[in-house]
Amino acid sequence: MSTIRTGLLTIFAISLLSPLLAQNTSYQPDPKWQAPPEAAARINPLAEKPDAAAGGKKLFLRNCAECHAENGSGKVKKHAADLQLPVVQAQSDGTLFWKITNGNPDRGMPSFSRLPEMQRWQLVLFLRTLKSAPQENNLAPISLR
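Quick note on numbering: numbering that gives the first Met the number 0 labels position 134 of the sequence shown as 133, and the sequence is numbered without any gaps.
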């Protein structure tokens with residue numbers, strides 16, 4: 000009976016730690032990488048077309064997953080943004096679009112201005128589908144970039 004109990008406790012502990020292990024805990028936001036107010040205020044023209052996020056996912060897997068991981072956790076490269084974190088998700092669509100368009104060479108984020116505008120908006124729609132695993136037992140959110 001004690002072996003079963005030990006196994007269950009191990010599984011429980013792993014389930015609690017999984018959200019922490021699945022994210023880029025070294026991610027720190029670049030305070031200098033701010034979209035201009037007019038860019039941040041832009042509205043996603045595809046906001047009323049959530050089905051367009053499927054195309055954004057394809058674009059993400061082709062262009063972004065190399066650094067940000069397929070789930071957006073940023074676990075692939077040390078300074079890659081964890082796109083699941085609330086600090087990222089709280090940014091406006093216009094801000095995310097601006098960041099995708101302009102990149103951040105100081106942090107290794109390339110510009111994706113070569114992608115057509117509507118594809119960049121599709122990426123923003125897809126980014127909205129990335130969410131952190133729910134924190135259980137009052138675990139504090141992990142560090143933000």
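All C-beta atoms, glycine included, are put in the ideal place defined by N, C-alpha and C.
Where residue i falls: helix, strand or coil (DSSP)
i    : result
N70  : coil
N103 : strand
CB of residue i within 7 Å of CB of residue j, strictly
i    : j    : result
G93  : L82  : no
L45  : A51  : yes
W97  : A34  : yes
C63  : A79  : no
L95  : L126 : yes
G102 : S91  : no
R113 : D29  : no
L129 : G55  : no
Local Cβ density within 10 Å of residue i, reported as buried at 16 or more and exposed below that
i    : result
I99  : buried
M108 : buried
L122 : buried
N74  : Rather than Asn, the amino acid found at residue 74 in this sequence is Lys. Buried: at least 16 other Cβ atoms inside 10 Å.
L60  : exposed
A68  : buried
Boundaries of the alpha helix (DSSP H) in which residue i is found, first to last residue
i    : result
W120 : E116 to L126
F145 : Any property of residue 145 remains undetermined from this structure, which presents the chain solely from 0 to 144.
A39  : P36 to A39
Q88  : P85 to Q88
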